[in-house]
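What follows is one structure encoded as C-alpha cells, with my remarks underneath.
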Amino acid sequence: MIRTLAIIAGAGFLTFVVCLTSVVALGGPEIVRDGFVIPAVLEHIEQGDDYVSPDTPPAQKTFAWTGTDELTLDLAADVTLIEGDKPGIVVTGLQRDVDQVRVEGGRIFWQDDERTRRHIVWNDDRGLKIVVTAPKVSKVTINGSADLTLEGYSQPSLAVSIAGSGDVDGRGATERLTVDVAGSGDVDLRQLPAKTAALSVAGSGDISADATDEAVVRVSGSGDISLARTPTRLQQDVAGSGDVYVAGRNMKVDEDEE
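With the working numbering as the guide, the letters of the sequence shown map in order to residues 33 to 290.
Structural data, given as C-alpha cells:
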C-alpha cells in the first residue's frame, strides 16, 4: 500500500515539474515582463476570449453626471468620488469593459448582468477605474464588489450602504455619519471624522470610523467596529462573535473584566 502511494505521489510530482517547465518554456518572456497572469474569473473564460497585452492602451469614456445626492454602484470597479463643481464621470479600462458601463442618474452599472459577461485575462492593474466628480453626493450604495474612495468630503451628512464585498475609504469631514454593511465589505473612514455616527455590521465586514460626540454601534455576526477615539456618548449592541473597539480597547473584554 505504501509503495503504491509513493509511486502515485512520485508520478504526480513528475507531472507537475513537466507542466511547470512547459509553461516557463512557452511563456517565459511574457511571464518575466507581465508576471504570472491569472484569469479574472476562470469559470467564465470561453473559447474565443482574447488575451489583451499590457501594451494595449486603456480605453476611456466620459459621461455626464445627472444625479442628485445619491451614488449607486452596481459593478466591479475602483471608483473615486471627488467633490467638485464641474460634475462628470470618467471611465477607464479595457475597451470591452468600458463599453459595458452605463449611467442612469446617479447609478453606474454594467449593461449586461456581470455574471454573464465574458471576461478577459488581465493583471490586477488593468481593472476598471471610474472617477466621479459631483457637487453634493451624501448617500452611497454599493451592490457587489466595487471599491470606493471619497476625496475631500465635506457634506453635512454621509450615508454608506454596502451589500456584498465592496470597500470604502475616505478623507474629509462630516457632522452625521451612517454606515450599514451587510456581507463582507470593509469601511475605513477614520480620516473622515463625524460628530455623530450610527454604525451597523451584519456579517463579516468591518467598520473603522471616528466620532466625537455620539456613536451608536450594532454588530450582528463576526464583523468588528472600531472607533478611533472615545466619543462623549457610546451605545453598543453586539450579537455574535464580533467585537467593538474604542481607541484601541476591546469593549467586550473590558466589560468581562468588570
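In this text, a Cβ means the ideal position worked out from N, Cα and C, and glycines have one as well. Model, not experiment: these values are computed from the prediction.
| With 16 other Cβ atoms within 10 Å as the buried cut-off, status of Ala230 | buried
| message | Could you pull the DSSP bridge partners for Val278 from this structure? | response | Leu259, Arg281
| query | How should Ser216 be labelled, buried or exposed, when 16 other C-beta atoms within 10 angstroms of its C-beta is the threshold for buried? | reply | buried
| task | Kindly indicate which three-state DSSP category Gln127 falls into: helix, strand or coil? | result | Reduced to three states, the DSSP call for Gln127 is helix.
| query | In whole angstroms, what is the alpha-carbon distance linking Val219 and Leu46? | reply | Approximately 46 angstroms between the Cα atoms of the pair.
| task | At 3 residues or longer, and completely inside the region 169-194: list those beta strand (DSSP E) runs for me, N to C. | result | 171-176, 179-185
| field | Under 8 angstroms between C-beta atoms of Thr181 and Gly116 | value | no
| Three-state secondary structure (DSSP) at Leu266? | strand
| field | Beta-carbon proximity list for Ile162, same chain, < 8 angstroms, skipping 5 on both sides | value | Ala109, Asp110, Val111, Thr112, Ile121, Val122, Val123, Thr124, Val133, Ile140
| Which one of Gly198, Val276, Val192 has the shortest CA to CA distance from Asp101? | The option with the nearest alpha carbon to Asp101 is Val192.
| Close-in-space but distant-in-sequence residues of the same chain around Gly143 (CB under 7 angstroms, 5 per side omitted) | One detail in the question is off: residue 143 reads as Gln in this sequence, not Gly. Around Gln143: Gln132, Arg134.
| field | N- and C-terminal bounds of the beta strand (DSSP E) containing Trp142 | value | 139-142
| query | Opposite Ser197 in the DSSP bridges: which residues? | reply | Note: Ser197 sits in no beta bridge, so no partner.
| request: Using the Cα positions of Thr228 and Gln127, report the straight-line distance between them to the nearest angstrom. | output: 43 angstroms
| Excluding the five sequence neighbours on either side, which residues of its own chain have a C-beta within less than 6 angstroms of the C-beta of Ser258, listed in chain order? | Ser240, Tyr277
| field | Proximal residues to Ala279 (C-beta, below 6 angstroms), its chain only, five neighbours per side dropped | value | Arg261, Thr262
| task | With DSSP collapsed to three states, give me the class of Leu107. | result | coil
| said: Here's the rule I'm using: 16 or more other beta-carbon atoms within 10 Å means buried, otherwise exposed. How should Ala243 be labelled? | reply: buried
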